[in-house]
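If you read the sequence shown in this note's numbering, its first letter stands for residue 275, the second for the next number, and so on. By construction, the Cβ of each residue, glycine as well, lies at the ideal position given by its N, Cα and C atoms.
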Amino acid sequence: MKSDSSELPRLLKTIKSPEDLKKLNRTDLPLLAQEIRDVLITRLSVTGGHLGPNLGVVELSIAMHYVFDSPADKMTFDVSHQGYVHKMLTGRAEEIHTIRTYEGLNGFLLRTESEHDCYGAGHAGTALSSALGMASARDLAGGDNHVIAFAGDAAFTCGATLEALNNINDTTKKFIIVLNDNEWSIDKNVGAISRYFNSLQTSPTYSSVRKKSADLLEKFGGSGIRKLAHKVEQGAKNLFSENVLFENFGIRYYGPVKGHDVNSLIDTFQYLKEQDEPVILHAITEKGKGYTPALANPGKFHGLGPYKQEDGSTASPTLPTFSEIFGRTVTDMAKADEKITAITAAMPGGTKLDIFKKELNERYFDVGIAEEHAALFACGHACEGFKPFLAIYSTFMQRAYDMIIHDIALQNLPVRLCMDRAGLSGDDGPTHHGLFDIGYLRHIPGLIHMQPKDEEEFVDMLHTMAAYNDGPTCIRFPRGAGTGATPKSEPEILTIGEAELIADGSDVCLIGLGHFFEIAVDTKLQLEALGYSVALINPRWIKPLDAKLITEYAQKCKVICTFEDHVLMNGFGSSIIELLHTSDIHTPVERIGWPDEFVEHGKVDILRAKHGITTENAVALVQRHL
């Protein structure tokens, strides 16, 4: 779905490919940068998206595409949420109004979307390793193209990034890293590496050398630039030889440079592309540059829904989200229990542990984008008698899979895994859908796994987790708000493995897991309107199942139908089938859930309708057995 190119500003509408960009005079590029910012601010106010990160990389993206030749030259973007400008410069500006909408542009890079998207990504820490693999393949094939890995400073807290750094100098001599340093991931960066980058930015001596370097590059350019830049850079290296992290990895460091001076960046890239050694360019940028609300609140504008362009305000939710309830509940529990700690991986705002941080900072720990470390760190707390609540999105918890098995479960440590964004994530698409956690967790011995049907039960489950110290527990909960159910004044400690029978029946048994319980309720009403007797169960527990209750109704009813916000392959419904097989019960089981594929991006209601996750489909499937 394309719009008329006349809707785009004067310069931007001429850019159908990077070759068109190269035809522009360099004096026009600052205006092009402003046009891109204006379009992003206007278009994303309607669709939502990652506004702040993209406003911060406009000049860097222009300069890279002005100097390098995509798709022959490969550009990998860490996370790739900052790839909107890249999309606009590679022929997709006319479609930018469709970003993150169903059948529109994906909010991240996607190999199937464009030949210029050489690597798809949605998680941090992937750019350097994948780019290094491309550089190695180029060398093996005898090629001479350039490979550029574009990564934010937060990516350097990832283990994978550090592993790649360790390998670069031994693998290739022609490799460029662009470090986009804005001091933010989703939230403010933390840790020693972040402080190291900041020290490079703020050191008066280094800043002086950097300024002189930039001034000279701009002034002289041309044939003498290599010798001059090398001398200046070498002087900086000599001054800071003990502090330059990248030099110790065998990677020549350049910077810090201003990341919003497009013409200076072009000169710098032209110089760097001639170097016969791995190099890193450290560029200082502002997340949200050019839009006052985004500069004032970088965390909010990292990624958001539609907003008012005039002031950046967003609609206030009518109900508290599961994340907000989580943050508030865990904080309140910790006030009553000094053993409770809270751990997150660079997402205090997303998980709402910022509430905990504000009120109980001494027991709050943000380890950066380092999910593996976060899980092991939580193990240490559990070993010493504390009660760690580890809050990580479902899609990111995948990264700590080995630690969950080898360190948490094998040692039977009472770590509480709290998986936000479980289920379909909507507009963010397949890299962010939390559709696999039941499958990758339910087979682990000793791990208790649960999902609440509403907010009231959610609070009960969190209190149950806090009270349980005999092994690991896990809770999955969706993005956004639930039904609005009010938690009890005195939360209930639930009996582990005991489901809730909502209604008796003899024809059909409906088992609705978590927030999909509401679809089961609607299905029950429709089936009863057709004259059927319908039992309804809220399972609560993914593991252990309430085998007694489920097998009772499997023997009593003619068909079972399960509902889950998860892929059907190895999901909750599969566990019901396994239970019945083991019990030698042959009652048919129909399942409502997501198909065995990576589900695209789009509004939840559109995707549910497309994939048959509807009351109507459930009724049709059940009726085949009646």
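Item to complete: Reducing DSSP to helix, strand and coil, say where alanine 755 ends up.
Response: Residue state, collapsed to three classes: strand.
Worksheet entry | Touch test, the stretch 674-690 against the stretch 641-652, Cβ-Cβ under 8 Å, three pairs minimum | Touching, per the Cβ criterion.
Practice prompt. Under 8 Å by Cβ, that's how I've got proline 944 and alanine 429 pegged, so tell me the actual separation to the nearest angstrom.
Written response: Any answer about residue 944 is impossible in this case: the structure gives the chain only from 275 up to 900.
Worksheet item: Hey, how far is the Cα of alanine 741 from the Cα of isoleucine 767?
Response: Spanning the two alpha carbons is a distance of roughly 8 Å.
Worksheet item: Grouping DSSP H, G and I as helix and E and B as strand, with all else coil, what is leucine 453?
Response: DSSP places leucine 453 in strand when its eight states are reduced to three.
Worksheet entry | Sequence ranges, beta strand (DSSP E) only - wholly within the stretch 612-676, length at least 3 | The stretch 612-676 contains, as complete beta strand (DSSP E) runs of 3+ residues, the segments 614-618, 638-640 and 661-667 (chain order).
Practice prompt. Could you work out which residue in Asp744, Leu684, Leu519 and Pro304 is closest to glycine 659 when comparing CA atoms only?
Written response: Nearest C-alpha to glycine 659: Asp744.
Worksheet item: Helix, strand or coil: which one does DSSP assign to arginine 750?
Response: Strand.
Worksheet item: Where in the stretch 293-381 do unbroken runs of the alpha helix (DSSP H), each at least 4 residues long, occur, reported from the N-terminal end onward?
Response: For the stretch 293-381, whole alpha helix (DSSP H) runs of length 4 or above, ordered along the chain, are 303-321, 325-329, 332-341 and 358-361.
Worksheet item: When we look at the beta-carbon of alanine 872 and count the other beta-carbons within 10 Å, is it buried (16 or more) or exposed?
Response: Checking the displayed sequence, the identity of residue 872 turns out to be phenylalanine instead of alanine. Sixteen is the threshold: since fewer than 16 other Cβ atoms of the shown chains lie within 10 Å of the Cβ of phenylalanine 872, the residue is exposed.
Worksheet item: Between lysine 817 and proline 862, is the Cβ-Cβ spacing less than 9 Å?
Response: No, the pair does not count as a contact, with Cβ atoms beyond the cut-off.
Worksheet item: Is there contact between the stretch 594-608 and the stretch 334-341, where contact requires at least three CB pairs shorter than 8 Å?
Response: Not touching, per the Cβ criterion.
Fill in: C-beta atoms of threonine 445 and serine 410 nearer than 9 Å
Yes. Within cutoff.
Fill in: Cβ contact (3+ pairs, closer than 8 Å) linking the stretch 579-593 and the stretch 633-641
Segments in contact, no.
Practice prompt. Could you check the C-alpha separation between glutamate 731 and serine 354 for me, to the nearest Å?
Written response: Rounded to the nearest whole angstrom, the C-alpha separation of glutamate 731 and serine 354 is 36 Å.
Discussion item. Using a 10 Å radius around the Cβ and a threshold of 16 neighbouring Cβ atoms, would you call glutamine 829 buried or exposed?
Written reply: Looking at its Cβ environment, which holds fewer than 16 other Cβ atoms inside 10 Å, glutamine 829 is exposed.
Discussion item. Using the three-state DSSP reduction, which class does phenylalanine 710 fall into: helix, strand or coil?
Written reply: In this structure, phenylalanine 710 counts as coil in the three-state DSSP scheme.
Fill in: C-alpha gap between isoleucine 499 and proline 530, whole angstroms
Residue placement at isoleucine 499 is poorly supported in this model, since its pLDDT is 45, which falls under 50; the coordinates are not used for a value here.
Worksheet item: Going straight from the alpha carbon of glutamate 369 to that of leucine 379, what length do you get?
Response: When the Cα atoms are used, glutamate 369 and leucine 379 turn out to be separated by approximately 7 Å.
Worksheet item: Comparing alpha-carbon positions, which option in Gly416, Gly758, Gly564 and Gly713 lies nearest aspartate 839?
Response: Nearest option by C-alpha distance: Gly713.
Practice prompt. With a threshold of 16 other CB atoms inside 10 Å of the CB of proline 591, please say whether the residue is buried or exposed.
Written response: Exposed is the call here.
Worksheet item: Tell me which same chain residues have a C-beta within less than 8 Å of the C-beta of proline 719, skipping the five on either side of it?
Response: Closer than 8 Å at Cβ, skipping near neighbours: Ala683.
Discussion item. So, for isoleucine 880: in the same chain, excluding its five sequence neighbours on each side, which residues have a beta-carbon less than 6 Å away from its beta-carbon?
Written reply: Closer than 6 Å at Cβ, skipping near neighbours: Tyr376.
Item to complete: Look at the alpha carbon of alanine 415 and the alpha carbon of alanine 346, and state the distance between them as a whole number of angstroms.
Response: Taking the straight line joining both Cα atoms gives about 14 Å.
Fill in: Three-state secondary structure assigned by DSSP to lysine 609
Annotated three-state conformation of lysine 609 is helix, per DSSP.
Discussion item. I'd like the list of long-range same chain contacts for proline 283, defined as Cβ closer than 8 Å, with 5 residues on each side in sequence excluded.
Written reply: Counting only Cβ-Cβ distances below 8 Å, and skipping sequence neighbours, we find Glu309, Asp312 and Val313.
Worksheet item: Taking the C-alpha atoms as reference points, what is the distance between isoleucine 215 and phenylalanine 575?
Response: As shown, the chain starts at 275 and ends at 900. That puts residue 215 outside it, with no answer to give.
Worksheet item: Going straight from the alpha carbon of histidine 397 to that of leucine 303, what length do you get?
Response: Answer to the nearest angstrom: the Cα atoms are 31 Å apart.
Fill in: Beta-carbon separation (whole angstroms), glutamate 551 vs lysine 447, contact threshold 8 Å
Lysine 447 and glutamate 551 do touch by the CB rule: their CB atoms are close to 6 Å apart, below 8 Å.
Worksheet item: Hey, quick one: how far does the alpha helix (DSSP H) through glycine 407 stretch, first residue to last?
Response: In this chain, the alpha helix (DSSP H) harbouring glycine 407 covers 401-415.
Discussion item. With H, G and I counted as helix, E and B as strand and the rest as coil, what does DSSP make of arginine 814?
Written reply: Note: arginine 814 maps to coil in three-state DSSP.
Discussion item. Can you check which of these residues, Leu895, Lys626, Ile887 and Glu826, is closest to aspartate 858 by C-alpha distance?
Written reply: For the residues Leu895, Lys626, Ile887 and Glu826, the minimum Cα distance to aspartate 858 belongs to Glu826.
Discussion item. On the criterion of 16 or more Cβ atoms from any shown chain inside 10 Å, does arginine 716 qualify as buried, or is it exposed?
Written reply: Label assigned to arginine 716: buried.
Worksheet entry | Per-residue DSSP class, three states only, for valine 536 | Correct three-state label for valine 536: helix.
Practice prompt. List in chain order: all unbroken beta strand (DSSP E) runs of 3+ residues lying wholly within the stretch 819-875.
Written response: Here the runs fully enclosed are 833-841 and 863-868.
Worksheet item: Which of helix, strand or coil does DSSP assign to alanine 423?
Response: Secondary structure of alanine 423 (DSSP, three-state): strand.
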